[in-house]
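In the working numbering, the protein residues as written are 64 to 172.
A virtual CB, placed ideally from N, CA and C, is assigned to each residue, including glycine.
One structure below.
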Amino acid sequence: MYVQRDADRRILSVSKVATAQCTEQVDADDSDLLQFLAEVKGADERVRLQQSDLDFVRVLEDVLDLLMDKGVISFTDLPQAARDKIMQRQSLRRRYNDVDLVGDDEPLI
Numbered sequence: 064m065y066v067q068r069d070a071d072r073r074i075l076s077v078s079k080v081a082t083a084q085c086t087e088q089v090d091a092d093d094s095d096l097l098q099f100l101a102e103v104k105g106a107d108e109r110v111r112l113q114q115s116d117l118d119f120v121r122v123l124e125d126v127l128d129l130l131m132d133k134g135v136i137s138f139t140d141l142p143q144a145a146r147d148k149i150m151q152r153q154s155l156r157r158r159y160n161d162v163d164l165v166g167d168d169e170p171l172i
């Protein structure tokens with residue numbers, strides 16, 4: 064493996080082959096390399112979790128709409144803070160979808 068380091072000798076990037084940026088060769092079990100790879104994996108998992116949270120928010124909105132449509136709960140049954148957040152989110156989504164920022168086939172979450 065080849066690595067690029069910053070001024071403090073922390074790994075910035077890794078490559079399987081030598082490149083203009085990744086010139087220093089390290090062993091696959093190098094402690095700095097293993098730490099860098101663990102940090103990258105952790106960051107990737109955080110990104111996937113954040114995307115999952117965004118997707119799940121939309122599911123919850125749909126469930127709330129369904130429950131209200133069926134008369135199981137009323138909008139006014141929700142705490143005021145929840146009502147405010149729902150109304151703000153619906154307003155934002157409507158505004159963005161109205162100006163078509165994300166395209167016809169990509170509704171805003």
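Own chain residues within Cβ distance below 8 Å of residue i, not counting five before or after
{"i": "Asn69", "result": "This sequence places Asp at residue 69; Asn is not what is there. Within the same chain, Asp69 has close Cβ partners Leu75."}
{"i": "Met131", "result": "Ser137, Phe138"}
Contact check, residue i vs residue j, beta carbons under 8 Å
{"i": "Phe99", "j": "Val77", "result": "yes"}
Cβ-based neighbour list, residue i, same chain, cut-off 6 Å, excluding 5 preceding and 5 following
{"i": "Tyr65", "result": "Ser78, Ala81, Cys85, Gln88"}
{"i": "Ser154", "result": "none"}
{"i": "Gln67", "result": "Leu75, Ser76, Gln84, Cys85"}
{"i": "Asp125", "result": "none"}
{"i": "Asp95", "result": "Ile74"}
Cβ neighbour criterion (16 or more within 10 Å) applied to residue i
{"i": "Arg73", "result": "exposed"}
Problem - Sequence ranges, alpha helix (DSSP H) only - wholly within the region 79-109, length at least 4 - result: Segments of the alpha helix (DSSP H) lying fully in the region 79-109: there are none.
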